[in-house]
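Asks:
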Amino acid sequence: MIQAGKQVILLSNTSHRSCSLPIKLGPMGFSTSFQGVTGGEVCHTYLLERPDTHARCSLMTSDLDGKVTKRASNPESTFHGLGVEIVPLDKAQFLMVDGTQQICYSDRVTEVLPTDYRHTGEVNDAMKEFLRGGLERKLPLLCPNPDVLAVMANDRFVHMGGGIAKLYEEMGGEVIYFGKPMKEHFEVCLRMAHVTDKSKVVHIGDSLHHDIQGAKNTGVDSIFIAGGVHARELSVNAWGTDEKQLRVKPDLLENLLERTQLDPTYTMTRYTW
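Last residue of the sequence shown: number 323 in our numbering, and the count goes up by one each step with no gaps.
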């Protein structure tokens, strides 16, 4: 697309800041010169602008050491350059979920409470206490990655922080999301590309609830990649070579779109470059 003269801007729900994108995606064939926006970057800006009301949090993360303890030397961390403290629930001003493997009430790695939510989707006792404690204190929960599921190599699925945020919301808690499907984050991309005509824009993604919903919210066309997070529902194996498994069955697609009340402009099985 770049060779064809098209602008490409990547909108990612990763909880890492935007500087992480070239490092991670360069080896996958993406140009290191492309522009990108991440949920983590927008969350970082949000915290930077609120040093008084968002100075202390109880945290659920994937790597306390890298993201908090060593934040000064890790520009990819949402906490880089910020003075946010990790504290117990009774001292917190907000909850934050930027990963799903550790619950933290201090910046000491030895005090981390482990979870296996990423691989099992099960909410253990430590997670229940984290969510209930936040709810009792009416703390907002910040979620820089709204994804519920992510598809990894070899069609392996993992559970993401968006599922925890959704549970907190269902319990009656306040959640502030960053990234897709939030319209304001799509519009950041449009401004970066100096877009004046939305009919010249198409958003490509594999999540109906995040990519296609976000494109709809923003008023741009969309391409739904059926072989991603919805592959099992559509009986598609985008990693295989069997032509039958690469085809999207119209009846399954129609049923899925009817259930979600979403209608992408186009549908493809997989996206390769």
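Just so you know, even glycine gets a beta-carbon here, dropped at the ideal spot from N, CA and C.
Cα separation between Asp140 and His104?
Replies: Position 90 of the sequence shown holds residue 140. Position 54 of the sequence shown holds residue 104. Near 14 Å, if we compare the C-alpha coordinates of His104 and Asp140.
Asks: Cβ atoms of Thr317 and Ala281: under 8 Å apart, would you say?
Replies: Here residue 281 is taken as the residue at index 231 of the sequence shown, counted from 1. Here residue 317 is taken as the residue at index 267 of the sequence shown, counted from 1. Result no, Cβ atoms of Ala281 and Thr317 do not sit closer than 8 Å.
Asks: Which residues does DSSP pair with Ser272 in a beta bridge?
Replies: Within the sequence shown, residue 272 is the residue found at index 222, counting from 1. Per DSSP, His253.
Asks: Which residues in the same chain as His66 place their Cβ atom closer than 7 Å to its Cβ, once the five residues preceding and following it in sequence are excluded?
Replies: The residue you call residue 66 lines up with position 16 of the sequence shown. Once the five neighbours on either side are set aside, the close Cβ partners of His66 are Thr88, Gly90 and Glu126.
Asks: Could you tell me if the beta carbon of Thr95 falls within a distance shorter than 7 Å of some heavy atom in the ligand COA?
Replies: Absence of the ligand COA from the depicted structure is noted, as is the absence of any ligand whatsoever, leaving it without description.
Asks: By a C-beta neighbour count over all protein chains shown, 10 Å radius and 16 as the cutoff for buried, is Gly131 buried or exposed?
Replies: Start at 1 with the first residue of the sequence shown, and residue 131 comes out as number 81. Gly131 comes out exposed.
Asks: Is the CB-CB distance between Pro190 and Gly229 below 8 Å?
Replies: Within the sequence shown, residue 190 is the residue found at index 140, counting from 1. Within the sequence shown, residue 229 is the residue found at index 179, counting from 1. In this structure, Gly229 does not lie closer than 8 Å to Pro190 by Cβ.
Asks: Would you decide whether Met78 is buried or exposed? Buried here means 16 or more other CB atoms lie within 10 Å of its CB.
Replies: Taking the first residue of the sequence shown as 1, we reach residue 78 at position 28. When all chains shown are included, Met78 counts as exposed.
Asks: Is DSSP giving Pro164 helix, strand or coil here?
Replies: In the sequence shown, the residue the question calls residue 164 occupies position 114. Strand.
Asks: Suppose only complete runs of 3+ residues qualify. What are the beta strand (DSSP E) ranges in the segment 177-248, listed by chain order?
Replies: 191-193, 199-201, 207-209 and 225-227
Asks: I'd like to check one pair, Val279 with Val208: are the Cβ atoms closer than 8 Å?
Replies: Within the sequence shown, residue 208 is the residue found at index 158, counting from 1. Within the sequence shown, residue 279 is the residue found at index 229, counting from 1. Their beta carbons are not under 8 Å apart, which means Val208 does not touch Val279 by this criterion.
Asks: Report the option in Met110, Leu302, Gly269 and Thr268 whose CA atom is closest to the CA atom of Asp166.
Replies: Your numbering for residue 166 matches position 116 in the sequence shown. The residue with the shortest Cα to Cα distance from Asp166 is Met110.
Asks: Terminal residues of the continuous beta strand (DSSP E) containing Thr319?
Replies: Taking the sequence shown and counting its residues from 1, the one referred to as residue 319 is at position 269. Premise fails: Thr319 is in no beta strand (DSSP E) and is neither H nor E.
Asks: If I follow the unbroken alpha helix (DSSP H) through Thr95, where does it start and stop?
Replies: Taking the sequence shown and counting its residues from 1, one reaches residue 95 at position 45. Segment Gly89 to Leu98, the alpha helix (DSSP H) holding Thr95.
Asks: Run through DSSP, which three-state label would Gly264 get?
Replies: Your numbering for residue 264 matches position 214 in the sequence shown. Helix, per DSSP.
Asks: Where does the unbroken alpha helix (DSSP H) through Ser70 begin, and where does it stop?
Replies: For the purposes of this step, residue 70 is taken as the residue at position 20 of the sequence shown. Counting along the chain, the unbroken alpha helix (DSSP H) around Ser70 starts and ends at Ser70 to Leu75.
Asks: Return the CA-CA distance between His235 and Val252, expressed in angstroms with no decimal places.
Replies: As a working mapping, residue 235 is identified with position 185 in the sequence shown. As a working mapping, residue 252 is identified with position 202 in the sequence shown. Approximately 15 Å, taken between the alpha carbons.
Asks: Flag this pair as touching only if the segment 259-277 and the segment 303-314 have three or more C-beta atom pairs under 8 Å; answer yes or no.
Replies: yes
Asks: Could you name the residues of the same chain whose beta carbon sits closer than 7 Å to that of Leu97, not counting the 5 residues immediately before and after it, in chain order?
Replies: Reading the sequence shown from its first residue, position 47 is the one you call residue 97. Correct list, in chain order: His104, Leu132 and Val134.
Asks: When the Cβ atoms of the segment 173-193 are set against those of the segment 114-126, are three or more pairs found closer than 8 Å?
Replies: no
Asks: For Ile214, count neighbouring Cβ atoms within 10 angstroms of its own Cβ and tell me buried if that reaches 16, exposed if not.
Replies: Position 164 of the sequence shown, counted from the start, is the residue given in the question as residue 214. Buried is the call here.
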